[in-house]
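Here the working numbering is used: the first residue of the sequence shown is 362, the next is one more, and so on.
Some notes on the structure that comes next.
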Amino acid sequence: MSEAGIPLGSETRLFTGLTNTGWLSGVLIDTGPDASVYGDVPITDVLITHGHADHFSSAADLRRSGARIVAPREEAALVENPEVNIRGMFSWARPSDEMVTKMFRGEGCFVDSFSDEWRGHGVEVVPLPGHTLGHCGYLTDDGVLFSGDALYVRAVWERHPLPYAIDPGLVRASLGVIDGLDFEWLVPGHGTAPLSRADVGGHVEHHIARMDDVSAFLLALLAEPCTTEQAIAAVSRHVGLSENAAQYWLAVTTVKGYLSDLLRQGLITFSVRHHAGYWGAV
Ligand SMILES: [Zn+2]
Numbered sequence: 362m363s364e365a366g367i368p369l370g371s372e373t374r375l376f377t378g379l380t381n382t383g384w385l386s387g388v389l390i391d392t393g394p395d396a397s398v399y400g401d402v403p404i405t406d407v408l409i410t411h412g413h414a415d416h417f418s419s420a421a422d423l424r425r426s427g428a429r430i431v432a433p434r435e436e437a438a439l440v441e442n443p444e445v446n447i448r449g450m451f452s453w454a455r456p457s458d459e460m461v462t463k464m465f466r467g468e469g470c471f472v473d474s475f476s477d478e479w480r481g482h483g484v485e486v487v488p489l490p491g492h493t494l495g496h497c498g499y500l501t502d503d504g505v506l507f508s509g510d511a512l513y514v515r516a517v518w519e520r521h522p523l524p525y526a527i528d529p530g531l532v533r534a535s536l537g538v539i540d541g542l543d544f545e546w547l548v549p550g551h552g553t554a555p556l557s558r559a560d561v562g563g564h565v566e567h568h569i570a571r572m573d574d575v576s577a578f579l580l581a582l583l584a585e586p587c588t589t590e591q592a593i594a595a596v597s598r599h600v601g602l603s604e605n606a607a608q609y610w611l612a613v614t615t616v617k618g619y620l621s622d623l624l625r626q627g628l629i630t631f632s633v634r635h636h637a638g639y640w641g642a643v
């Protein structure tokens with residue numbers, strides 16, 4: 362076997378990159394853009410955390426080389442056809458190219474089976490929804506949790522001050538699941554160093570505090586009713602989001618996620634006036 366990758370736990374290996382990748386006894390967890398970095402480690406199966414193209418960039422390549430692709434059931438359509446994500450982002454209309462983040466662009470890949478059917482090979486599936494509908498983490502028998510995009514570590518917040526979330530309530534619940542799990546190391550989808558178990562609580566707390574700050578900011582803002590567009594702009598300015606079309610369209614989904622979360626908690630209301638949607642604090 363090649364010595365490629367960084368040893369973590371007793372058996373697991375870690376390949377760091379744009380998207381971090383794990384490997385344990387023939388099973389690859391997420392993929393970066395270049396399959397050649399995995400050297401000659403045998404790859405029989407590829408487990409995908411979720412349907413964003415930056416997490417399955419070389420899955421199609423690996424499948425052509427004989428690997429089986431496994432993805433969460435709710436994410437499979439996105440892995441097979443990245444256009445689904447792109448259209449969903451733009452309310453199913455066809456967006457122009459500059460509106461689409463590169464994390465949604467990539468080569469689709471047939472999914473051979475679903476994560477909930479996965480058994481064995483020393484890897485357990487841990488559902489961690491919220492970033493996307495069916496997002497899953499994968500926990501190896503030797504204690505390494507690959508958490509995909511469920512947890513944004515402190516170092517990543519500077520570049521991504523408004524992490525994409527379709528359901529902030531589910532993100533919070535999944536962060537609680539992570540904090541309650543038994544493991545030795547956590548490898549986030551992005552960011553370089555793996556976290557030791559003792560360090561994870563602080564990163565979880567930080568992630569939840571940043572989310573609470575967005576919710577509190579929105580509640581205060583909506584003392585005076587705002588349109589969806591005004592709420593998106595105010596939150597983007599508040600967190601210091603960079604200003605470009607791709608970031609804007611990601612923020613549209615995430616801020617709508619927060620608004621809907623507050624609405625379901627009964628803290629704000631939604632109404633339509635003069636054909637514009639308004640959100641206001643109760
Ligand atoms: Zn993602």
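Each residue gets a CB set at the ideal place from its N, CA and C atoms; glycine is no exception.
Bear in mind the structure is a predicted one, so any value in this text is a computation, not a measurement.
Check your understanding: Taking 7 Å as the line, does the beta carbon of Asp391 fall inside it for any heavy atom of ligand 1?
Key -> On the sequence shown, position 30 is the one that residue 391 refers to. Checking the Cβ of Asp391 against ligand 1 gives no.
Practice item. Measure the beta-carbon distance from Tyr619 to His568 and round it to whole angstroms, keeping in mind my assumption that it falls under 8 Å. Key: In the sequence shown, the residue the question calls residue 619 occupies position 258. In the sequence shown, the residue the question calls residue 568 occupies position 207. Tyr619 to His568, Cβ: 14 Å. No contact.
Review point. Three-state secondary structure (DSSP) at Phe507?
Key: Along the sequence shown, read from residue 1 onward, the residue named residue 507 stands at position 146. If DSSP states are grouped into helix, strand and coil, Phe507 belongs with the strands.
Practice item. Count the other CB atoms, across all protein chains shown, that sit within 10 Å of the CB of Arg374; report buried if there are 16 or more and exposed otherwise. Key: For this step, residue 374 is matched to residue 13 along the sequence shown. Burial call: buried.
Point to revise | Helix, strand or coil at Tyr639 according to DSSP, with G and I counted as helix | key: Taking the first residue of the sequence shown as position 1, residue 639 is located at position 278. Three-state result, Tyr639: strand.
Point to revise | Contact test: His416 Cβ vs ligand 1 heavy atom, cutoff 7 Å | key: Counting from one through the sequence shown, the residue named residue 416 turns up at place 55. Result yes, Cβ under 7 Å from ligand 1.
Review point. Taking the DSSP output, what are the residues bridged to Arg374?
Key: Position 13 of the sequence shown holds residue 374. In DSSP, Arg374 forms a bridge with Pro368 and Trp384.
**Study point:** Min CB distance Gly601 to chain C below 8 Å
**Key:** Absent from the structure is chain C; it holds one protein chain and no more.
Exercise for review: Evaluate contact between the stretch 403-411 and the stretch 430-439, counting only Cβ atoms and requiring at least three cross-stretch pairs below 8 Å.
Suggested key: yes
Point to revise | Ala594 versus Leu583 - alpha carbon distance | key: Your numbering for residue 594 matches position 233 in the sequence shown. Your numbering for residue 583 matches position 222 in the sequence shown. Cα to Cα, the separation comes out at about 13 Å.
Review point. With 16 as the cutoff for other CB atoms within 10 Å, does Val650 come out buried or exposed?
Key: The shown model of the chain, from 362 to 643, leaves out residue 650, and the question about it has no answer.
Review point. Since Ile629 contacts Val613 with CB under 8 Å, what's their CB separation in whole angstroms?
Key: Start at 1 with the first residue of the sequence shown, and residue 629 comes out as number 268. Start at 1 with the first residue of the sequence shown, and residue 613 comes out as number 252. Incorrect: roughly 17 Å between the Cβ atoms, too far for contact.
Check your understanding: In three-state terms, what does DSSP make of Arg455?
Key -> Mapped onto the sequence shown, residue 455 falls at position 94. Three-state result, Arg455: coil.
Check your understanding: Under a three-way DSSP split, which group does Glu435 fall into?
Key -> In the sequence shown, counting from the first residue as 1, residue 435 sits at position 74. In this structure, Glu435 counts as helix in the three-state DSSP scheme.
Check your understanding: Within 10 angstroms of its Cβ, does Ser363 collect 16 or more other Cβ (buried), or is it exposed?
Key -> In the sequence shown, the residue the question calls residue 363 occupies position 2. Note that Ser363 scores a pLDDT of 43, beneath 50, so its modelled location is shaky; the value from the coordinates is reported in the next line. Counting Cβ neighbours within 10 Å, Ser363 comes out exposed, since fewer than 16 surround it.
Exercise for review: Provide the residue(s) that pair with Arg520 in DSSP beta bridges, ordered along the chain.
Suggested key: Sequence index remark: in the sequence shown, residue 520 carries index 159 (1-based). Arg520 is not bridged to any residue.
Review point. Which residues are close to ligand 1, meaning CB closer than 5 Å to any heavy atom, in chain order?
Key: His413 and Asp510
**Study point:** Continuous alpha helix (DSSP H) assignments of at least 4 residues falling wholly in the stretch 554-601
**Key:** 558-582 and 589-600
Practice item. Would you give the residue range spanned by the alpha helix (DSSP H) that Ile539 belongs to? Key: Walking along the sequence shown from the start, residue 539 turns up at place 178. Residues Pro529 to Gly541.
Exercise for review: Identify whether Gly467 lies in helix, strand or coil by the three-state DSSP scheme.
Suggested key: On the sequence shown, residue 467 is found 106 positions in, with the first residue counted as 1. Gly467 falls in the coil class under three-state DSSP.
Practice item. Starting from Leu547, follow the alpha helix (DSSP H) in both directions and report where the run begins and ends. Key: Translated into positions along the sequence shown, residue 547 becomes position 186. Per DSSP, Leu547 belongs to no alpha helix (DSSP H); it is in the beta strand (DSSP E), Trp546 to Pro549.
Exercise for review: Output the boundary residues of the beta strand (DSSP E) element that contains Leu408.
Suggested key: In the sequence shown, counting from the first residue as 1, residue 408 sits at position 47. First-last of the beta strand (DSSP E) with Leu408: Asp406 to Leu408.
Exercise for review: Use the C-beta contact count for Ala592: other C-beta atoms within 10 angstroms, 16 or more gives buried, fewer gives exposed.
Suggested key: As a position in the sequence shown, residue 592 is number 231, starting the count at 1. Buried, because 16 or more other Cβ atoms sit within 10 Å of the Cβ of Ala592.
Check your understanding: First and last residue of the alpha helix (DSSP H) that includes Glu478?
Key -> As a first step, residue 478 must be located in the sequence shown, where it is residue number 117. From DSSP, Glu478 is part of no alpha helix (DSSP H); its letter is neither H nor E.
Review point. Looking only at its own chain, which residues have a Cβ that is under 7 Å from the Cβ of Thr553, when we skip the five neighbours before and after it?
Key: Locating residue 553 in the sequence shown gives position 192, counting from the first residue. Answer for Thr553: Thr377, listed in chain order.
Practice item. Flag this pair as yes or no: are the beta carbons of Ala414 and Pro443 separated by less than 8 Å? Key: What you label residue 414 is simply residue 53 of the sequence shown in a count that begins at 1. What you label residue 443 is simply residue 82 of the sequence shown in a count that begins at 1. Result yes, Cβ atoms of Ala414 and Pro443 sit closer than 8 Å.
Review point. Starting from Gly498 and walking both ways along the beta strand (DSSP E), at which residues does that stretch end?
Key: Against the sequence shown, residue 498 aligns to sequence position 137. That run of the beta strand (DSSP E) goes Cys497 to Thr501.
Review point. Should Val538 and Leu489 be called a contact, given that it needs their Cβ atoms to be closer than 8 Å?
Key: Taking the sequence shown and counting its residues from 1, the one referred to as residue 538 is at position 177. Taking the sequence shown and counting its residues from 1, the one referred to as residue 489 is at position 128. In this structure, Leu489 lies closer than 8 Å to Val538 by Cβ.
Review point. Going by the beta-carbon positions, is the gap between Gly509 and Thr410 smaller than 8 Å?
Key: Within the sequence shown, residue 509 is the residue found at index 148, counting from 1. Within the sequence shown, residue 410 is the residue found at index 49, counting from 1. The answer is yes: Cβ separation under 8 Å.
Review point. If Ala437 sits next to Phe475, beta carbons under 8 Å apart, how far is it from one beta carbon to the other, in whole angstroms?
Key: Counted from its first residue, the sequence shown places residue 437 at position 76. Counted from its first residue, the sequence shown places residue 475 at position 114. With 8 Å as the limit, Ala437 and Phe475 qualify as a contact, their Cβ atoms being about 6 Å apart.
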